[in-house]
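Numbering-wise, the sequence shown is residues -22 to -1, 1 to 316 according to mature numbering (1 follows the signal peptide of the UniProt record, and there is no 0). Where is the CB? At the ideal position from N, CA and C, for every residue including glycine. In this text, all values refer to a predicted model and were calculated from it rather than measured experimentally.
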Amino acid sequence: MKLFLLTTWALSSLLGASPGTAAPGASEDCSAWVQQSYSLTCADIEAYYGITEVEFEAWNPIVTELGTGCSLIAELYYCVSIDYLPLNTPSAYTPTGTSVSLLGTGTGTSTPTSTAPSTATAPSPLEPSTDPSCTSYHYVVSGDSCSAIEEEYGITADEFNAWNPHVGTGCAYLDLDEYVCVGALYKTTAAATATSATATTSSTSSTLSYPTPLQPSSFTNCSEYHLVVSGDYCALIEEDYGITATQFNDWNPGVGNTCLYLELGAYVCVGAPIPSPLEPGTIATCTEFHFVVSGDYCALIEETYGITTAQFNLWNPEVGTDCAYLDLGEYVCVAAPA
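Shown next, in the form of structure tokens:
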């Protein structure tokens, strides 16, 4: 029996936005997403959400562009509903467990574990500022404490606090009858002391490291972070890093459009989010990426983005000057500071 994790993200306000790196070309009308993980197949997703092969491929055209049949790329988010249409999860599934990580067999059934309100989409209500890369949740009931939750799920206090910053390090704001994150795609690293930090990825793992404490709701896959110190304000940070107010607000939604919630001593995202999978050797300062599909070649990509061969080779050295190592299904850099 094949076991896999299905976590659905239903977006309450902004069509077209995904909680992480969306599959290139995914429908702009998408209102719910699922992340590819644990060997999920297209058929698994279609069966679980009650959508047809035609619908899934229309909403995610990239799945048929990488080879024969329907192909998925690990950690990308795929669209499973558009225009807020109800998710057609199987009638056999009525979640009753405190954990909403769904274990399925690929046939559209799942098994709950204990007691919580039923939901067919992303868990709600959710503890404010929960990590957007979360993959597993716990429903807080009477008698719960942070330490008990951490012990139950085998996670550390640092992880729990990083994924649920609103709760507070003293667990003062653990809200009854709300969901908290108990598992996430990205692990935390020890807090850094520099005012600027660069995210890193392991050569053998897709796990991304980011500095902590992180501004609530800031992206966890950014290429660079800034530690907020006394005297900082949003416009100054944007000027220092050469980014726009729109970029800063997109990457750090918890700060607010008026910079009201910029937190002293927390890291904010100041470098473009890093997509995955990334062409090996891509420069860390890249600000725009292109997803390589069948039919792409270096000269075509350069022409499309109005860049020179020298620039492309500088930003993507592992591709080779003759474009021999341009990898299908990976991202390459197509813009960077001079």
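Out of curiosity, what's the CA-to-CA distance linking residue i and residue j?
| i | j | result |
| --- | --- | --- |
| GLY(-3) | VAL248 | 17 angstroms |
| SER254 | TRP11 | 17 angstroms |
| ASN291 | SER201 | 20 angstroms |
| LEU205 | CYS237 | 15 angstroms |
| ASP122 | GLY148 | 14 angstroms |
| PRO315 | THR263 | 7 angstroms |
| VAL145 | ASN139 | 7 angstroms |
| GLY132 | ASN227 | 34 angstroms |
| ALA277 | ASN294 | 13 angstroms |
| GLY220 | LEU214 | 10 angstroms |
| TYR211 | VAL233 | 10 angstroms |
| GLU31 | VAL270 | 23 angstroms |
| GLY3 | ALA150 | 43 angstroms |
| GLY28 | GLU308 | 29 angstroms |
| TYR117 | PRO143 | 16 angstroms |
Any idea if residue i is buried or exposed, counting beta-carbon neighbours within 10 angstroms, 16 or more meaning buried?
| i | result |
| --- | --- |
| THR93 | Reliability of the predicted coordinates at THR93 is poor, the pLDDT of 28 falling under 50, and no value is obtained from them. |
| SER9 | buried |
| THR108 | buried |
| GLU217 | exposed |
| ASP22 | buried |
| THR287 | exposed |
| VAL119 | exposed |
| ASN235 | exposed |
| THR260 | buried |
| LEU192 | buried |
| VAL246 | buried |
| TYR26 | buried |
| SER272 | exposed |
| TRP141 | buried |
| THR222 | exposed |
| LEU242 | exposed |
| GLU129 | exposed |
Alpha helix (DSSP H) containing residue i: first to last residue?
| i | result |
| --- | --- |
| TYR283 | 276 to 283 |
| ILE60 | Segment 55 to 60 is the beta strand (DSSP E) holding ILE60; no alpha helix (DSSP H) there. |
| SER120 | Here SER120 belongs to no alpha helix (DSSP H), and DSSP marks it neither H nor E. |
| TYR219 | 212 to 219 |
| VAL32 | 31 to 37 |
| TYR188 | No alpha helix (DSSP H) holds TYR188; DSSP gives it neither H nor E. |
| CYS20 | 20 to 27 |
Taking C-beta to C-beta, are residue i and residue j nearer than 9 angstroms?
| i | j | result |
| --- | --- | --- |
| SER208 | ASN230 | no |
| ASP305 | GLU266 | no |
| ASP155 | PRO103 | yes |
| GLU105 | VAL158 | yes |
| TYR56 | PHE34 | yes |
| ALA1 | ILE51 | yes |
| GLY161 | CYS112 | yes |
| THR282 | VAL312 | yes |
At which residues does the beta strand (DSSP E) containing residue i begin and terminate?
| i | result |
| --- | --- |
| TYR203 | 203 to 205 |
| CYS124 | CYS124 -> not in any beta strand (DSSP E); alpha helix (DSSP H) instead, spanning 124 to 131. |
| TYR303 | From DSSP, TYR303 is part of no beta strand (DSSP E); its letter is neither H nor E. |
| ALA135 | Premise fails: ALA135 lies in the alpha helix (DSSP H), 135 to 141, not in any beta strand (DSSP E). |
| ALA313 | 309 to 313 |
| GLN14 | Premise fails: GLN14 is in no beta strand (DSSP E) and is neither H nor E. |
Following a CB-centred definition, is residue i positioned closer than 8 angstroms to any heavy atom of the ligand NAP?
| i | result |
| --- | --- |
| PRO194 | The model on display carries no ligand, and the ligand NAP is accordingly not part of it. |
Taking only runs of the beta strand (DSSP E) that begin and end inside the region 226 to 287, which ones reach a length of at least 3 residues, in chain order? 245 to 247 and 266 to 269
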